[in-house]
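Per this note's numbering, the very first residue in the sequence shown carries number 1; after that it's consecutive.
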Amino acid sequence: MAGAGFRYEGGEFVEQSEFMERSEFMEQSDRGSIVASMTELARSASLERVSMLAWRDLEDPEAGGSEVHAARVAELWASAGIDVTMRTSFAAGKPQVAWRDGYRVIRKAGRYMVFPRASFSEMMGWHGGRDGLVEIWNGMPFFSPVWARTPNVTWFHHVHADMWNMTLPPRIAGIGRALESSIAPKFYRRTPIITLSDSSKSELVHKLGFKDRMVHVVPPGVDTKFSAGGEKSIRPLVVAVGRLVPVKRFDLLVEVLIALKERQPDLEAVIAGEGYERDALEAQIKSAGADGWISLLGRVNDDALISLYRRAWVLASVSAREGWGMTITEAAACGTPAVATNIAGHSDAVKDGASGLLGKSREDLVDALDRVISDEGLRVRLSEGALENASRLTWESTAYGTLEVLANEATRRKSAQKD
Numbered sequence: 001m002a003g004a005g006f007r008y009e010g011g012e013f014v015e016q017s018e019f020m021e022r023s024e025f026m027e028q029s030d031r032g033s034i035v036a037s038m039t040e041l042a043r044s045a046s047l048e049r050v051s052m053l054a055w056r057d058l059e060d061p062e063a064g065g066s067e068v069h070a071a072r073v074a075e076l077w078a079s080a081g082i083d084v085t086m087r088t089s090f091a092a093g094k095p096q097v098a099w100r101d102g103y104r105v106i107r108k109a110g111r112y113m114v115f116p117r118a119s120f121s122e123m124m125g126w127h128g129g130r131d132g133l134v135e136i137w138n139g140m141p142f143f144s145p146v147w148a149r150t151p152n153v154t155w156f157h158h159v160h161a162d163m164w165n166m167t168l169p170p171r172i173a174g175i176g177r178a179l180e181s182s183i184a185p186k187f188y189r190r191t192p193i194i195t196l197s198d199s200s201k202s203e204l205v206h207k208l209g210f211k212d213r214m215v216h217v218v219p220p221g222v223d224t225k226f227s228a229g230g231e232k233s234i235r236p237l238v239v240a241v242g243r244l245v246p247v248k249r250f251d252l253l254v255e256v257l258i259a260l261k262e263r264q265p266d267l268e269a270v271i272a273g274e275g276y277e278r279d280a281l282e283a284q285i286k287s288a289g290a291d292g293w294i295s296l297l298g299r300v301n302d303d304a305l306i307s308l309y310r311r312a313w314v315l316a317s318v319s320a321r322e323g324w325g326m327t328i329t330e331a332a333a334c335g336t337p338a339v340a341t342n343i344a345g346h347s348d349a350v351k352d353g354a355s356g357l358l359g360k361s362r363e364d365l366v367d368a369l370d371r372v373i374s375d376e377g378l379r380v381r382l383s384e385g386a387l388e389n390a391s392r393l394t395w396e397s398t399a400y401g402t403l404e405v406l407a408n409e410a411t412r413r414k415s416a417q418k419d
């Protein structure tokens, strides 16, 4: 639904009567029919009870896009009548066993012990048998193809590659790279892999050696609460959202913003998110004398986040690695284009020249942000393209697409057993 109910005019998004607002469109598209289709698909493949394995929970303070993705799919599967259990690690202050949005969450191990403990528990069937299994491979694998007796698929958001060096000591990073690139993939050759983007699929095929036919692309969705409306900031406002960790490269973003300030004297910037690099970023900003116009907000609630997206002139994301870049899509649904690094994931989340701009170097990013801020015509066109791009992405489609891969694997196994 192009335009998603708004057009950009006079510094704000105004509603167009000939179009439906994005959330209204989703309601009138009968989301219930997709849930009903999932119910039938699960029934036909005998998928009554499904387990998900994730190393980190949605309620963990460091949760990010991967955890949101898993939680939304689990919620929608539960609404389709599937008995879903998510096994994950402890979250501070949260009970070990809880119900959330219709599915069960079991948090009975630390960040690293969750791998052997959850795997052994599933293998032994301590909480009852399961008809299907979804493993979320986020750096460290659960090696589910080795021990799982039920049909299983693996989510692999992106290749970590240089991320290992950003977060771990050199020797441990080397072990992590070897595990991801050459050791673990051998155990997953016959397992369907689900990733978020065509560019991430290309890396999985060409860098890790997975067969093209075994890697399925199922893009993430975006919640309908992210929608356009309201006025843009009077001054040029660049917004960035994410965990303050090395892979997000907020230190690079600060450098980019400082260089951009020389071209855009009225520039303001807001970084929303929390993480262990916050102190270093605060020091970097203060030492550059930028603390009067670059703000670190910390973690914000959804209402504040939506307001921030709507007011922004442009979203910036300079990550080194992403499976997609969910903040890009959230901002797009609010009518805000993105300037992002030209990496796998980003190159699908941003339609370069249509919903935002991509850049490879620091200078590219400065130039791209300067163009979007300086050229109102370009900014309007990119905003409209961002809205159109986001309108195609729903969590219902994500949940159905993921279930379809698991159901096909379950059906294939049944046929093989009969033969």
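We put the CB at the ideal spot given by N, CA and C, even for glycine.
A quick note: this is a predicted structure, and the numbers were derived from the prediction, not measured.
Burial check for His69: the Cβ neighbour count within 10 Å reaches 16 or more, so the residue is buried. Spanning the alpha carbons of Ala386 and Ala332 requires a straight line of approximately 5 Å. Asp348 counts as buried, since at least 16 other C-beta atoms from the protein chains shown sit within 10 angstroms of its C-beta. It is roughly 30 Å from the alpha-carbon of Ala240 to the alpha-carbon of His216. Closest in C-alpha terms to Leu253, from the list Ala54, Ser361, Pro169, Ala344, comes Ser361. Ranked by Cα distance from Trp395, the options Thr224, Gln264, Gly275, Ser121 are led by Thr224.
Taking the CA atoms as reference points, Gly81 sits about 34 Å from His346. Note on Asp212: under 16 other CB atoms within 10 angstroms of its CB, so exposed under the neighbour-count rule. In the three-state reduction of the DSSP assignment, Asn342 falls in the coil class. If you ignore the 5 residues before and after Gly110, its C-beta comes within less than 8 Å of the C-beta of Ser89, Phe90, all in its own chain and listed in chain order.
Annotation: the stretch 307-381 contains the following complete segments of the alpha helix (DSSP H) (minimum length 4 residues), in chain order: 326-333, 346-349, 362-374. For the stretch 190-215, the continuous beta strand (DSSP E) assignments of 3+ residues that do not extend past its boundaries occur at 193-195, in sequence order. Inclusion of Val350 and Ala368 in the CB contact set at 7 Å is not warranted, their separation being larger than that value. At the C-beta level, Arg56 and His158 stay beyond 7 Å of one another. Between Leu53 and Arg104, the C-beta spacing is not below 7 Å. The DSSP-derived three-state label of Asn152 is strand. If you look at Ser121, you'll find it in the alpha helix (DSSP H) that goes 114-124. When rounded, the separation of the alpha-carbon atoms in Thr341 and Val50 is 36 Å.
Sequence-distant Cβ neighbours of Val222 in its own chain, meaning closer than 7 Å and more than five residues away, are Thr329, Glu330, Ala333, Ala390, Leu393. DSSP places Trp395 in the helix class (H, G or I) of the three-state scheme.
Under the DSSP assignment, Gly298 falls in the beta strand (DSSP E) whose first and last residues are 294-298. CA-to-CA, the gap between Thr336 and Tyr309 works out to about 7 Å. Here Tyr400 carries a helix assignment [DSSP, helix/strand/coil].
Under the criterion of beta carbons closer than 8 Å, Thr150 and Ile193 do not qualify as touching, at roughly 17 Å. In this structure Pro170 is exposed. Its beta-carbon is surrounded by fewer than 16 other beta-carbon atoms within 10 angstroms.
Going by C-alpha positions, Thr85 is about 39 Å away from Leu358. DSSP places Val68 in the helix class (H, G or I) of the three-state scheme.
Within the DSSP bridge table, the entry for Ile271 names Ala240, Leu296 as partners.
Of the candidates Arg413, Arg130, Ile172, Ile172 places its Cα closest to the Cα of Gly139. In this structure, DSSP gives Leu58 a state outside helix and strand, which the three-state scheme calls coil.
For Ile136, the enclosing beta strand (DSSP E) begins and ends at 132-136. Short of 6 Å from the beta carbon of Met38, and not among the five residues preceding or following it, lie these beta carbons of its own chain, in chain order: Ala80, Tyr400, Leu403.
An exposed status is given to Gly292, since fewer than 16 other beta-carbon atoms sit within 10 Å of its beta-carbon. In the three-state scheme derived from DSSP, where H, G and I count as helix and E and B as strand, Gly32 is classed as helix. In the DSSP annotation of this structure, the continuous segment of the alpha helix (DSSP H) that includes Ile258 starts and ends at 250-261. In this structure, the CA atom of Ala63 is about 18 Å from the CA atom of Val97.
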